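Worksheet: one structure, shown below.
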Amino acid sequence: MLKYTIKRIIQGIVTVWFIATVTFIAMHSVPGDPLTGERGMSEEIRQNLEQKYGLDKPILEQYIIYMGNMIKGDFGISFTQQNRSVNDIIREHFPVSATLGILSIVFAALGGVLWGALTAIYRNRLPDVVVMFLVIFGISVPSFVIAAMSQLILVNINTSFGFSILPVAGWGTISHMLVPSLVLGLGTMAFLTRLMRSSMLEVVNADYIRTAYSKGLPAQRIFLKHQLRNAILPVITVIGPAIASITTGGFVVELVFAIPGLGRFFVQAVQQLDYTVIMGTTVFYGAFLVFMVIIVDLIYGLVDPRVRLE
Amino acid sequence: MFKKMKETEETFAQVAGKQLLILTLLSFTGLAGLMIFLSWASNLFSDNNQRVGAIDLDSKTITLLLGSEPPQLDSTRTTDSVSIMILGHVMEGLLRYDENNNIVAGVAEEWNIHDNGATFWLRDDARWSDGKPVTARDFVFAWKTALKPETASEYSFILYPIKNAEAINTGSMNIEELGVKAIDDFTLEVTFERPLAYFEELVAFPTYNPIREDFFNSTSGRYGADAIELIYNGPFMMSVWVHGAHVKLDKNPYYWDNERIKINSIDMPYMTSDAATTINLFRDGKIAMIGALGSEQLDTALRERWKLLRTSDGGSWFTVFNFKDDKITSNWNLRKALQLSSDSSELVNKIIKLPGYIPSESLFPVWLKGTNGSFRQEHPATKIKPNLELAKQYLKKAKEELGIEGNISLTILVDDSPGSSKQAEYFQNLYSTKLSIDVKIDKQIFKQRLAKMRAGDFDIALYGWGPDFNDPLTFGELFASWNPNNNGSFFNEEYDKYVRISQTSLNKEERMQAFAKQQEILINEVALIPNYERGVVYVKDRRLEGLVRRVVGPDPDFTNVFINEAL
Amino acid sequence: MTNIVENLTPLDFKRVSKKKKTTSISRPSLSYWEDAWIRLMSNKRSLVSLSIIIFLIFFTLLGPIIWNVDPSGQDLDQLSSPPGADRGAILVEAYMPWDGLSITKNNSSEGLKDFYDLGATEYINVEGFPSTQYVRLSWNKIIGASGYRIYRNKFDPGSDNSLGLPMADILTAEEISFEDRLNLEPGEYWYSIAALDSLGRESNQYKKIAVRVSRAISIPEAIEKGIITQTSQVAIGDTIYLKFHPLGTDYLGRDMLSRLMHGARVSLFIGVLAPIFFVILGVFYGSIAGFIGGKVDQFLMRFADFVVALPFLLFMILFKIAFGIGPGESGVIPMLLALVLLSWPATARLVRGQILQIRGEGYILASQLLGAKTYFLILRHMIPNTIGVILVTLTFAIPSVIFVEAFLSFIGMGVVPPTPSWGSMCNEGLQTMLNHPHEIIFPASLISITVLAFNLLGDGLRDALDAKMRSKE
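Residue numbers (this note's numbering), protein chains in the order written: chain S, 1 to 310; chain Y, 1001 to 1567; chain X, 2001 to 2473.
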């Protein structure tokens, strides 16, 4: 177990190095640089700036310096927000994205399991038809359209009531989080509902359910202990990757609902070619994902006796 | 048997449904708990200020929206309009603009500008937000800091009229040689590099703001990065700055002209540039103002029966050409053909669709002051009427000179903002239907477009210029051959000569004549095709009064705002 | 135990007669694919989705040939017009600039008044024929005013003084006319005029006028647009019909139907080609790893793990920028490249897993023992047994790629104008959603329908190709 963990962590570190290198290469192959400003500047000022950010050095040297700093956990100073370090930016904005992500994954998982179970129980009847229709809607409309629409609906509800039931944008309190996280989790919820439904239907025909019936177990016990429990397993296995895609995929929701998350900063940083912020964000997210996957795998190993870690 | 099965299935569904209901309820309670925990946890990282409506009468607070996060508020390095807006509220320079956009006394009580220098007498009751007086040394320190090569300030050029500033900035002279001196605590003396007629206008620019040396040093390089890393001498001070989310300005008790300020706080808890979000927040009564409406939103505004207002943002927008020898746009006949086929009023009326935008005829916008009245009224620009027949003749001539058979092909460089793409598409269609010119759109992200402009890697580009100070020179010097912003490398000896005159002459009449000459040369040489002067249609809460919109300086300006409680 | 055969008679060596078969195949023998096809066809949902996809293919390939309209041609007379809008336009004279009306300044000693003392004008006249070409207004001078502000509204200003859009400020009292050409649409407008005092403050008094604006087009414009010819027998005042746009136009007056068709070419091109490319790459990569096994397999799979670890959307944006878009290019190729580079490992893993699994199956061993060559193994066993999985992956990949394209358009990094794509049309439509809903409804529904169709087809295919399902039903 320990050996396995160490092996995985070493692999993880190599992966993060790979991510950093790919980002570095991709970023420096973009024409232009972060120092170009709207107001033209003289050669001397440009040189001063280049010197300050170390951009005057050969690219390989920049790479080595950057990697060295990265090992020390220092992502450097932002180009656009000249007095803030990238570490600060990540520390301030990642919790926002993470909160949003956790909440939407909880929404998605709970909703997915409950809806999925519901549709399976009432297969081909009204609840099934209604929920599956919503699910189809959820997976087939682009997220930014859903986000914009839901905001618009919210405004109309608020104005028709004459006071704000839920805020239309911004960040800070629970009420601010509700709609954005629902919107963000919608796609995953739809996906999980489908998965849960088919998984439930498969389990219904399993031998152990028949055995349970023939043993004369009460229906509620069969449903809870046998059917639901076993049907959830495949759902849990996909939640790991879903966390990854949700926490890094909050761009749209962050933009539409004016949420100060890291995703929005990344989009801005790319437009501004803010090298250090781009590097910092991708490396941080990459590392976050890699280690999340490792932790999820380790937990599976502990929870599910059928999985042996080696 | 079959019936039996059906029955069990039925009861099973019932039982399971009940179970599911219980589970749902349980999970909802769990969820509520989680949300409370998360909101507590996220409060550790953000603020938990209570949000009120757009205008709060009790606390005299107005709530607004910021278009973007200010990159930093170190006045020596600031460049963007959001930072300049905030700095205009929390800082005060020697001079400032009043509600009628005239230069009035700021920290300086009196001033005297003469041929080779200026003297400012500072008021003795101007205070920093910790109660210490604002002294002449604070200005000297700020200006020297901005000019230090290692600061690498993008706007250092605005200090160049001060003696030796340019040499210091480029590293060829010692910082102590700068032509500025604090005679005593309240007297500041400036020596000019050369005679200068518009120094008053420059001094109102944020780069000229004061910075206190001991405070600057105590922040160890983080000056302006956070609310506590700044010290204020303006009407307001920043009490909250959550990056990317929230800025709050509170009335500064130490401000010398405190009675002028009628509101206690300006709260800006939203940061977004998304037009739909902005309008939704305003409809929801959460913000007191929309700084600029888009053309798509005008119908909504009319339906909501809002009181709409308009102003100009001062920017002049035009098509620039590349004059490098290897570019076909260096051919005068081709440029003339493009000029004669362009119709700026069609662009404004059909594509931009916003009142407030003015189809422009010159690089110099209509709001610029002249000798007595408006510059453009005293020196009207030659009107170029669209004339397709003539344009085709010039195009034919251009093709002969360039030795091109078949269609001419041009590249138009734009950035990735939706507005400029739209205009590029319009021009592409215009030139291809009218002149059969193949226009290729080169759409690049912001920085890449700037880099391509600097490198001269374009044929034509859509370009805009906002004024740095209230003098035609801020536009005129753009096409001087030595100007780093002259991206198309336009070169005309006579033009350079007139720019020199307008820079150094102290005679108002002579300067305006020089600008008129510049305007004429630009039109005759077709150095640019003027497109429009940018306008703004905005809407504010009816209770909000005294709001000032500016062409130059911090815009919008809330320092004179008061709340009309009668409405 | 001696077992000696004795007393054999010739009868014993007689051939045993052929017996009737005890069991027989009552139905025709079906191959795997025939069976899958039958099952797919019996699934109503897949059938519907398949027909939608066939329709989309026609829409994309044949559409632009049948409806041959330039997707970037701008019809500035019909901006954002919804489907089925009235196209009738009255022929008018060519536009001539108007100098306006002004009166000479009388030198009498009338003083300037403050805004609260200023009255409204007595009348507002409409000069000429009010049309989408122009609306010209004139009014009488207000004594003591130093200028006027002209408003335009689409609704009656009513009692709450909602005068609407501030169209212009006129800063001399002597200029008493105004010409409006700003985005005039046929319909009713309310113009109001209020006086300004010398400080630019506005009087509370105003005069309003309702003006009905008709759609108009000048003869030279109509000829230029090809609606009438030089020789047409038309006169000023005749009604002619502007170009027909079945699904309306967008904010630049471009034909929606044509843009949707050309947009389909981009969206579906990316949506179909990118999955095909990365699936092919993944299949090659995965099968090489699976076949060779050992160190090579380990190395290849480790590399695939690296690529999987790259945060997808972040790198999508980064790669898209890094590959760059030259002038005049549509930006489709960089997007395609980025997608392929980032998406192949999933397929590679899947295929490798399949190959490893199949390699261990008994029938492969049996086949090998019977002397089957490698290529036979691949052709007869590996490909047929993996292609189902690959096909399903491919079908499910298409909707997600279409979404990625739409997402990139939303953050402003999609295809370059004037190239249309459904994603960019959606994003543009989002801005005008409230006032011109047709600009978002059409592209958004096309995306939804396509995504849905491919998802349902994927479901159907998975069920149909699943060998386990064969025994059921």
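For glycine and all other residues, C-beta sits at the position ideal for the given N, C-alpha and C. Please read all numbers here as calculations on a predicted model, not as lab measurements.
So is residue i buried or exposed if we call it buried at 16+ other beta carbons inside 10 Å?
i	result
Arg-320 (chain S)	Not covered by the structure: residue 320 (chain S). The range shown for chain S is 1 to 310.
Met-196 (chain S)	buried
Tyr-2095 (chain X)	exposed
Leu-1238 (chain Y)	A quick correction: the sequence has Met, not Leu, at residue 1238 (chain Y). Classification for Met-1238 (chain Y): buried.
Phe-161 (chain S)	exposed
Asn-1048 (chain Y)	Residue placement at Asn-1048 (chain Y) is flagged as unreliable, the pLDDT there being 47, under the threshold of 50; the coordinate-derived value follows with that caveat. Answer is exposed; the Cβ neighbour count stays below 16.
Met-67 (chain S)	exposed
Met-1001 (chain Y)	Because Met-1001 (chain Y) carries a pLDDT of 42, less than 50, the predicted location of this residue cannot be relied on, and no value is offered for it.
Arg-264 (chain S)	buried
Ser-2099 (chain X)	According to the sequence shown, residue 2099 (chain X) is Asp rather than Ser. Answer is exposed; the Cβ neighbour count stays below 16.
Val-2415 (chain X)	buried
Ala-2235 (chain X)	exposed
Met-1 (chain S)	exposed
Ala-1032 (chain Y)	exposed
Which residues of chain X have a Cβ atom closer than 8 Å to the Cβ of residue i, listed in chain order?
i	result
Tyr-285 (chain S)	Pro-2311 and Leu-2314
Met-27 (chain S)	Leu-2318 and Ala-2322
Ala-148 (chain S)	Leu-2430 and Met-2433
Asp-1299 (chain Y)	Lys-2154, Leu-2434 and Asn-2435
Below 8 Å on the Cβ atoms is my guess for residue i versus residue j; work out the distance and round it to an integer in Å.
i	j	result
Glu-1425 (chain Y)	Pro-2417 (chain X)	5 Å
Gln-2205 (chain X)	Gly-2119 (chain X)	5 Å
Tyr-1255 (chain Y)	Leu-1094 (chain Y)	Actually they do not touch by this definition, with Cβ atoms about 15 Å apart.
Phe-1446 (chain Y)	Gln-227 (chain S)	Not confirmed; about 55 Å, so no contact.
Phe-2410 (chain X)	Asn-2427 (chain X)	5 Å
Ser-2162 (chain X)	Arg-1305 (chain Y)	4 Å
Ala-2085 (chain X)	Gly-2248 (chain X)	7 Å
Val-1107 (chain Y)	Arg-1123 (chain Y)	6 Å
Please compile the residues from chain Y whose C-beta is within a distance smaller than 8 Å of the C-beta of residue i.
i	result
Ala-206 (chain S)	Residues of chain Y passing the Cβ test: none, with the nearest at roughly 15 Å.
Lys-52 (chain S)	Glu-1150 and Ala-1152
Arg-2181 (chain X)	Ser-1345 and Asn-1349
Give the interface partners of residue i over in chain S, defined as CB-CB distance under 8 Å, in chain order.
i	result
Pro-1269 (chain Y)	Gly-170 and Gly-172
Ser-1489 (chain Y)	Ordered by position in chain S, no residue passes the 8 Å Cβ test against Ser-1489 (chain Y), which lies about 12 Å from the chain.
Asp-2305 (chain X)	Gln-11 and Thr-15
Since residue i meets chain Y, which of its residues come closer than 7 Å, beta carbon to beta carbon?
i	result
Leu-2079 (chain X)	Lys-1350
Ala-332 (chain S)	Coverage of chain S is limited to positions 1 through 310, which leaves residue 332 (chain S) absent and any answer about it impossible.
Against residue i, what residues of chain S qualify as contacts under a CB-to-CB distance less than 9 Å, listed in chain order?
i	result
Ile-2378 (chain X)	Ordered by position in chain S, no residue passes the 9 Å Cβ test against Ile-2378 (chain X), which lies about 31 Å from the chain.
Tyr-1223 (chain Y)	Asn-83
Ile-1036 (chain Y)	Ile-174
Whose Cβ in chain X lies nearer than 7 Å to the Cβ of residue i?
i	result
Ser-948 (chain Y)	Absent from the model: residue 948 (chain Y). The displayed extent of chain Y is 1001 to 1567, so no value can be given.
Do we get a CB-CB distance below 8 Å when we pair residue i with the residues of chain B?
i	result
Val-2451 (chain X)	Among the protein chains of the structure shown, namely S, Y and X, there is no chain B.
List, in order along the chain, the chain X residues whose C-beta lies closer than 9 Å to that of residue i?
i	result
Thr-23 (chain S)	Leu-2310, Leu-2314, Phe-2315 and Leu-2318
At a CB distance below 8 Å, what residues from the stretch 2309-2330 of chain X approach chain S? Give them in sequence order.
Against chain S - using a Cβ distance shorter than 8 Å - the residues of the stretch 2309-2330 of chain X are Ala-2309, Leu-2310, Pro-2311, Phe-2312, Leu-2313, Leu-2314, Phe-2315, Ile-2317, Leu-2318, Phe-2319, Ile-2321, Ala-2322 and Gly-2324.
Check each residue of the stretch 2147-2166 of chain X: if its Cβ is closer than 7 Å to any Cβ of chain Y, include it; give the result in chain order.
Asn-2153, Lys-2154, Phe-2155, Asp-2160, Ser-2162, Gly-2164, Leu-2165 and Pro-2166
Taking a cut of 7 Å between CB atoms, which residues from the stretch 1435-1451 of chain Y lie near chain S?
Ile-1445, Phe-1446, Lys-1447, Gln-1448, Leu-1450 and Ala-1451
Chain-ordered residues of the stretch 1148-1163 of chain Y with a beta carbon less than 7 Å from chain S:
Pro-1149, Glu-1150, Ala-1152, Glu-1154, Tyr-1155 and Ser-1156
Give, in chain order, every unbroken run of the beta strand (DSSP E) that is at least 3 residues long and sits entirely within the stretch 1419-1507 of chain Y.
1438-1444 and 1460-1465
Please go through the stretch 195-224 of chain S and give each complete alpha helix (DSSP H) segment of 4 or more residues, from N-terminal end onward.
207-214
Given a limit of 9 Å on CB to CB distance, which residues of the stretch 1241-1275 of chain Y reach chain X?
Within the stretch 1241-1275 of chain Y, the residues whose Cβ lies closer than 9 Å to some Cβ of chain X are Ala-1275, listed in chain order.
Completely contained alpha helix (DSSP H) runs for the stretch 1288-1373 of chain Y, where each covers 4 or more residues:
1298-1303 and 1332-1341
Closer than 8 Å between beta carbons: that is the criterion. Which residues of the stretch 2059-2080 of chain X meet it against chain Y?
Within the stretch 2059-2080 of chain X, the residues whose Cβ lies closer than 8 Å to any Cβ of chain Y are, in chain order, Ser-2072, Gly-2073, Gln-2074, Leu-2076 and Leu-2079.
Can you list, in chain order, the residues of the stretch 1160-1185 of chain Y whose Cβ is nearer than 9 Å to any Cβ on chain S?
Glu-1166, Asn-1169, Thr-1170, Gly-1171 and Ser-1172
Mind listing which residues of the stretch 1504-1526 of chain Y have their C-beta closer than 7 Å to chain S's C-betas, in chain order?
none
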